[in-house]
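Down below is the structure, laid out as C-alpha cells.
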Amino acid sequence: MSDFMFLYPQALWLLLPAIIGLALLSWLKRSGQANALMAPHLTAYFTQANSGHYLRLPAISVLIVIVIIAIAGPSFQKHAVPASQTNDARVLVLDMSQSVYANDIKPSRLAQIKYKAQDLLPLLKQGQTGLIAYAGDAYTLSPLTTDSATLKNLIQHLSPDIMPVQGARADLAVAQAITMMKQGGVNQGEVILFSDDLSDQEQSNIEALLSDGPWTLSVLAFGSKAGAPIPLPDGSLLKNKAGTTVVAKTNFQALKQVANINAGQFSAYQSNNGDIERLVRTSINPSFDNEIQLDAAEQSVTTHVNNGIWLLPFILLLMLPLFRKGLIFTLPLYFIALVSTPSPVAASPIAGWFKNSDQNAYDAFQDKRFEQAANEFTDAQWQGAAKYEAGDYAGAIQAWQSLNTTEDINNLAHAYAQNGDFEHAISSYETVLEREPNNLAAQRDLATVKQAQQQQQQQQQQQQDSDSPDQQGQPEQNSNSANNEESHADASQSQNNQGSTSQADSSSANSSQAEPSKENSMADREQKPSSAQEASEDNVPNNTQGQQPSDEQNLTDKQDSTVDVQAGKNAQEADTSSDTQSNNAISQHDQLEALEPELRQLEQVESARDPSRLIQAQMLLQARDREPPTAQGKNW
Numbered sequence: 068m069s070d071f072m073f074l075y076p077q078a079l080w081l082l083l084p085a086i087i088g089l090a091l092l093s094w095l096k097r098s099g100q101a102n103a104l105m106a107p108h109l110t111a112y113f114t115q116a117n118s119g120h121y122l123r124l125p126a127i128s129v130l131i132v133i134v135i136i137a138i139a140g141p142s143f144q145k146h147a148v149p150a151s152q153t154n155d156a157r158v159l160v161l162d163m164s165q166s167v168y169a170n171d172i173k174p175s176r177l178a179q180i181k182y183k184a185q186d187l188l189p190l191l192k193q194g195q196t197g198l199i200a201y202a203g204d205a206y207t208l209s210p211l212t213t214d215s216a217t218l219k220n221l222i223q224h225l226s227p228d229i230m231p232v233q234g235a236r237a238d239l240a241v242a243q244a245i246t247m248m249k250q251g252g253v254n255q256g257e258v259i260l261f262s263d264d265l266s267d268q269e270q271s272n273i274e275a276l277l278s279d280g281p282w283t284l285s286v287l288a289f290g291s292k293a294g295a296p297i298p299l300p301d302g303s304l305l306k307n308k309a310g311t312t313v314v315a316k317t318n319f320q321a322l323k324q325v326a327n328i329n330a331g332q333f334s335a336y337q338s339n340n341g342d343i344e345r346l347v348r349t350s351i352n353p354s355f356d357n358e359i360q361l362d363a364a365e366q367s368v369t370t371h372v373n374n375g376i377w378l379l380p381f382i383l384l385l386m387l388p389l390f391r392k393g394l395i396f397t398l399p400l401y402f403i404a405l406v407s408t409p410s411p412v413a414a415s416p417i418a419g420w421f422k423n424s425d426q427n428a429y430d431a432f433q434d435k436r437f438e439q440a441a442n443e444f445t446d447a448q449w450q451g452a453a454k455y456e457a458g459d460y461a462g463a464i465q466a467w468q469s470l471n472t473t474e475d476i477n478n479l480a481h482a483y484a485q486n487g488d489f490e491h492a493i494s495s496y497e498t499v500l501e502r503e504p505n506n507l508a509a510q511r512d513l514a515t516v517k518q519a520q521q522q523q524q525q526q527q528q529q530q531q532d533s534d535s536p537d538q539q540g541q542p543e544q545n546s547n548s549a550n551n552e553e554s555h556a557d558a559s560q561s562q563n564n565q566g567s568t569s570q571a572d573s574s575s576a577n578s579s580q581a582e583p584s585k586e587n588s589m590a591d592r593e594q595k596p597s598s599a600q601e602a603s604e605d606n607v608p609n610n611t612q613g614q615q616p617s618d619e620q621n622l623t624d625k626q627d628s629t630v631d632v633q634a635g636k637n638a639q640e641a642d643t644s645s646d647t648q649s650n651n652a653i654s655q656h657d658q659l660e661a662l663e664p665e666l667r668q669l670e671q672v673e674s675a676r677d678p679s680r681l682i683q684a685q686m687l688l689q690a691r692d693r694e695p696p697t698a699q700g701k702n703w
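Mind the numbering: the sequence shown is residues 68 to 703 in the numbering used here, read in order.
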C-alpha cells in the first residue's frame with residue numbers, strides 16, 4: 068500500500084460540503100428541530116424508524132462518500148510503459164514496369180506484388196516505413212511513417228499505367244530510398260525490393276550504392292524462369308521494335324546477388340505467407356535490433372492505474388433502493404424537461420437580457436422573423452440578408468451597397484436582379500467574375516439575368532410594334548373616306564349634266580343611282596374603300612368616261628397604300644422573328660458557355676474520384692521538378 072495515491076485529489080474537496088450537509092441533518096434529527104427547517108414529508112422520510120425504509124441518512128452518507136472517493140481516482144497499482152520506440156526504418160520499393168502485367172503467376176505479377184506488400188505491412192510493427200514505386204524513374208509515394216493504413220491504400224491503386232515514364236530503373240529507386248532514410252535522420256535501414264527482374268546496369272549501380280553504407284537490401288522476386296508474354300490493358304501483347312512478342316523472364320540470380328551484398332534476405336514468391344514472414348523475421352541487423360530492444364526496456368516509465376472503477380459495484384448496490392422509490396426514472400424526466408428547448412417567443416424576454424442586438428436579431432433570423440431581424444441588426448451584411456429574405460430588395464440593395472467583398476457584391480447582384488434592375492445586376496456579376504473567374508454560380512446567374520433582360524427588351528419592342536399599326540391605320544382610314552366623298556360627288560355631277568337631255572334618262576339614272584348607293588352602303592360596311600370606288604364607277608354614264616382615268620388613278624393609289632402598309636407589317640413581323648431567333652441563339656450560346664466550365668469541372672471530379680489519378684498527379688509533380696533520367700532501362 069505504499070504506492071497508494073489519489074490521481075485527482077482535488078475532487079476530495081467535495082467531501083467538505085457533503086460532511087457539513089450530513090452533519091446538519093444529523094443535528095436536526097437529534098434536536099427534533101427538523102420541522103422548523105424542513106417540510107413535514109421530508110422530515111418524516113429522514114427521521115421515521117420504520118425498518119421497511121432502506122434509504123436512510125447513513126446510507127445516503129456512505130453513498131456520497133464512496134462516489135466522491137471514486138471520482139478522486141484511488142490508485143494502488145503501477146503500469147510500465149516503454150519510454151522509447153525502436154528506430155527501425157525501411158522503405159518498400161515496388162516494381163511498376165510493364166513486365167509485371169505478365170500472368171505466369173496468377174492472377175498476375177502486379178496483383179501478387181500488391182497483395183504481398185499489403186500483407187507485409189501489418190507484420191512491420193516497429194519503426195517507420197516509406198513507399199517508393201519505380202518504372203523508368205523512381206517516385207516517392209509516402210515518406211517514412213507509422214501509418215500502415217495509408218500505405219495500404221496507396222499500394223492498392225498502383226499500376227504501370229499511371230507511371231509517368233515507362234522503363235525499369237530499380238537502381239534509381241534504391242538510391243531514392245537511401246536518401247529518404249538519411250533525410251529522416253536514420254543511420255541504418257533496410258530497402259525491401261519487390262521486383263521481377265534486374266538488368267546488368269541496375270545490378271552494378273545497386274552494388275555501388277550498398278557498398279558505401281550500412282544499408283541492407285532484401286528482395287522478394289516475382290515471376291518464373293520460363294516467363295510469360297505481357298498483356299497490355301487494351302488486350303494486346305507487348306512487342307519489341309522488331310514486332311516480336313516480348314516474353315518477360317525473371318532473373319532470379321541477379322536478384323539474389325544484390326540481396327547478399329550486405330547480408331540481406333532473398334525470397335521467391337510463394338502462395339502462402341512464408342516468403343514475407345522470412346523477410347520480416349530477419350529484417351534489419353539482428354544484433355542492432357537487440358540493442359534497441361534492451362535500450363527500450365531500460366528506458367521504460369511507470370504510471371499509476373486508476374482503481375476507482377472497483378468502487379462501482381458498491382455504488383450500484385447503494386443505489387438499488389432508488390429504483391424501488393422510482394427516483395431513477397423520475398430524475399431523467401426532470402432533466403429532459405429542464406434542457407428541452409422552449410418556444411422562441413416565450414424564451415426571448417429572458418434570453419434577450421444576456422444578448423446584444425445582433426444576437427437577438429440572429430435568433431429572429433433563424434426563426435424566419437426577417438422583418439424584425441432587419442430592424443434589429445446593426446451589421447450591414449446581416450441587415451441586407453434579412454431584408455432580402457423579407458422581400459425588401461430595395462432595402463437589401465441599400466444595405467449592401469457600402470460593402471466591397473466579393474460575397475457582398477454577389478449578394479448585391481442578386482438583390483438588383485430580384486428588384487428588376489438588370490443593368491446593375493449584370494454589372495455586379497461581371498465584377499464578381501473579374502475577381503473570381505471560376506465562380507460557376509456567378510456565371511450561371513449572369514447568363515440568367517442577361518436572358519431575362521433580353522426577354523424584357525423583346526416584350527417592350529413587341530408592345531411598341533403593336534401600337535404603331537394602330538396609329539398608321541387612322542390616317543389611312545381618313546384618306547379612304549375622303550376619296551369616297553370625291554367619287555360620290557363626281558357621280559352626282561355627271562348625273563345632273565345628263566338630266567338636262569331627257570327626263571326619262573334622268574329618272575332612269577336616278578333609279579340606277581339609288582340602287583348602287585344602297586350597294587355602296589353595304590360595301591362600305593363589308594369591304595375595303597376600293598369596292599366603294601368600283602360601285603361609283605358603275606353609276607357613271609358612258610358620256611362621262613373622261614373622268615375614269617382620275618378615278619382609276621385614285622383606286623391605284625389606294626391599293627398601293629394598302630400594299631405598302633401590309634408590306635410594312637410583314638417587314639416588322641419578319642424583323643421581330645429574326646430578332647427573336649437571334650436572341651434565342653445568343654441565349655443558347657451563353658448557356659453553353661456557362662455549362663462548359665461545369666462540364667470540365669465534372670470531368671475533373673470524376674477523375675478525382677479515382678485515387679490512382681491522384682497518385683499519378685503526385686508523381687507527375689515530382690517528374691516536373693527534376694531532370695528526367697538519361698536512360699530508362701528496358702522498355703518493359
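Cβ atoms here follow ideal geometry from the backbone N, Cα and C, with glycine treated the same way.
If you draw a straight line from the Cα of residue 465 to the Cα of residue 451, it is about 8 angstroms long. Between residue 247 and residue 210, the alpha-carbon positions lie close to 7 angstroms from each other. Ranked by how close their Cα comes to the Cα of residue 460, the residues 484, 282 and 442 have 484 in first place.
Taking the Cα positions, residue 166 is about 6 angstroms away from residue 297. The beta carbon of residue 280 sits closer than 8 angstroms to the beta carbons of 245 from its chain, once the five residues preceding and following it are set aside; these are given in chain order.
If you ignore the 5 residues before and after residue 240, its C-beta comes within less than 7 angstroms of the C-beta of 160, 199, 201 and 205, all in its own chain and listed in chain order. Contact check for residue 285 against residue 191 fails: the beta carbons are separated by 8 angstroms or more. Approximately 17 angstroms separates the beta-carbon atoms of residue 82 and residue 385; this is outside 8 angstroms, ruling out the contact. Residue nearest to residue 682 within the set 126, 163, 221 and 256 is 221 (criterion: CA-CA distance). Ranked by Cα distance from residue 194, the options 254, 441 and 155 are led by 155. The beta strand (DSSP E) runs of length 3 or more contained entirely in the region 434 to 497 do not exist; there are none. Ranked by how close their Cα comes to the Cα of residue 295, the residues 170, 322 and 213 have 170 in first place. Note on geometry: alpha-carbon atoms of residue 437 and residue 424 lie some 14 angstroms from one another. CA-CA distance, residue 446 to residue 428, rounds to 10 angstroms. DSSP assignment within the region 211 to 298 yields the following whole beta strand (DSSP E) runs of 3 residues or more, N-terminal first: 256 to 262 and 282 to 288. In this structure, residue 462 places its C-beta atom within 8 angstroms of the C-beta atom of residue 441. Under the 10 Å beta carbon count, residue 143 is surrounded by fewer than 16 other beta carbons and is classified as exposed.
Beta-bridge analysis with DSSP links residue 162 to 201. When the Cα atoms are used, residue 692 and residue 331 turn out to be separated by approximately 33 angstroms. With contacts defined as CB atoms closer than 8 angstroms, residue 475 and residue 510 fail to qualify as a contacting pair.
Between residue 133 and residue 444, the C-beta spacing is not below 8 angstroms.
DSSP, reduced to helix, strand and coil, places residue 182 within a helical segment of the structure shown. For residue 491, same chain residues with a beta-carbon under 6 angstroms away, outside a window of 5 residues either side, are 483 in chain order.
Cα atoms of residue 88 and residue 127: separation of roughly 11 angstroms, rounded to the nearest angstrom.
If you check the CB distance, residue 261 and residue 183 come in under 8 angstroms.
For residue 338, the secondary structure class from DSSP, reduced to helix, strand or coil, is coil.
Looking at 685, 289, 223 and 322, the one whose alpha-carbon comes closest to that of residue 270 is 322. In this structure, DSSP gives residue 74 a state outside helix and strand, which the three-state scheme calls coil. Residue 499 and residue 470 have their C-alpha atoms roughly 13 angstroms apart. The DSSP-derived three-state label of residue 333 is strand.
In this structure, residue 78 places its C-beta atom within 8 angstroms of the C-beta atom of residue 135. Only buried fits residue 477, as 16 or more other CB atoms lie within 10 angstroms of its CB. Straight across, the Cα-Cα distance linking residue 275 with residue 145 is about 51 angstroms. In the DSSP assignment, residue 319 falls within the unbroken alpha helix (DSSP H) covering 319 to 326. In this structure, the CA atom of residue 306 is about 50 angstroms from the CA atom of residue 508.
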